[in-house]
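What follows is one structure encoded as structure tokens, with my remarks underneath.
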Amino acid sequence: MNQIRCDESPMKEQLKKHIQEISDALHHSLQIIDNENHCMLSDLEAIQERFRRVESIAASFYMQCYLSAFSIQYLDLSIAVDHLSKRRHGALIVIQRNDPIGEHLHNGIQVGAKVSYSLLESIFYPGNPLHDGAVFISYDQIVSAANVLPLSATIVENKKLGTRHRAAIGITERTDALALVVSEETGQTSFAYQGQLHPIIMSDIIV
Numbered sequence: 001m002n003q004i005r006c007d008e009s010p011m012k013e014q015l016k017k018h019i020q021e022i023s024d025a026l027h028h029s030l031q032i033i034d035n036e037n038h039c040m041l042s043d044l045e046a047i048q049e050r051f052r053r054v055e056s057i058a059a060s061f062y063m064q065c066y067l068s069a070f071s072i073q074y075l076d077l078s079i080a081v082d083h084l085s086k087r088r089h090g091a092l093i094v095i096q097r098n099d100p101i102g103e104h105l106h107n108g109i110q111v112g113a114k115v116s117y118s119l120l121e122s123i124f125y126p127g128n129p130l131h132d133g134a135v136f137i138s139y140d141q142i143v144s145a146a147n148v149l150p151l152s153a154t155i156v157e158n159k160k161l162g163t164r165h166r167a168a169i170g171i172t173e174r175t176d177a178l179a180l181v182v183s184e185e186t187g188q189t190s191f192a193y194q195g196q197l198h199p200i201i202m203s204d205i206i207v
């Protein structure tokens, strides 16, 4: 399997760099906090923006580690999600890891084809009969599409999250699967793992 070694990922060096910059900025703020002529509000806003950036890089880094170990078609998955995001085509892709997930899937249509970004993009093209539901991937195979997933049992009342996001969280609350989500409203990409949803930036992953 062409597993990407996390300790060799260039994103790890990006993380170190950004965390060091945040540390330096916080240290500078401590040094000048007694200076009444300096307002720290703009400094704090800049630090908050750096925190958001490092969080996104960290999410992309860990998604890469979690996913590449269980799918040799990692690059095709990443390209597909990137293209779907740019076109704002909603998508939900579930990648099986150690735990079997078949018992949690309902009403899916068998596909049985090798993972490719072109096939994934066609499945989620608006109007395609298979686009409304989750694609189930195991290793390098698209097993089925248009699957109905269980919604999260803990955040069903969160109206800020759409059905795709609640389903992504739901399947990862019940199994160790990883779920990729593309919002059709914003094009924002996220991944769910262990019941938590994390925003990602595909440009950090595809180089």
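Anchor point for the sequence shown: position 68 equals 68 in full-length UniProt numbering, and the numbering is continuous, going up by one each time.
Positions of the beta carbon are idealized from the N, C-alpha and C atoms, including for glycine.
Since the model is a prediction, treat every value here as computed from it, not as a measurement.
Is it buried or exposed for Ile95, if we count other Cβ within 10 angstroms and need 16 for buried?
-> buried
Quick one: what's Ile142 bridged to in DSSP?
-> Ala113, Ile137
Looking at C-alpha atoms only, which residue of Leu178, His18, Lys17 is the closest neighbour of Ser138?
-> Leu178
Helix, strand or coil: which one does DSSP assign to Leu15?
-> helix
When DSSP labels each residue in this structure, what does Pro129 get in the three-state scheme?
-> coil
Using the beta-carbon count (16 or more within 10 Å), is Ser23 buried or exposed?
-> exposed
Just list the alpha helix (DSSP H) runs in the segment 35-72, keeping only unbroken ones of 4 residues or longer that don't cross its boundaries, in chain order.
-> 41-68
With 7 Å as the threshold, decide whether the Cβ of Gly162 is near any Cβ in chain C.
-> Among the protein chains of the structure shown there is no chain C, as only one such chain exists.
Contacts around Ile206, its chain only, beta-carbon distance under 7 Å, and the 5 residues preceding and following it disregarded | Low local confidence applies: a pLDDT of 49 at Ile206 is under 50, so the model's placement there is unreliable, with the coordinate-based value given in what follows. Cβ within range, chain order: Ser78, Ile79, Asp82.
Relative to the alpha-carbon of Gly162, which residue among Ile33, Leu92, Asn37 has its alpha-carbon at the smallest distance?
-> Leu92
For Ala153, the three-state DSSP class (helix, strand or coil) | coil
Is the number of C-beta pairs between the segment 113-121 and the segment 137-154 that are closer than 8 Å three or more?
-> yes
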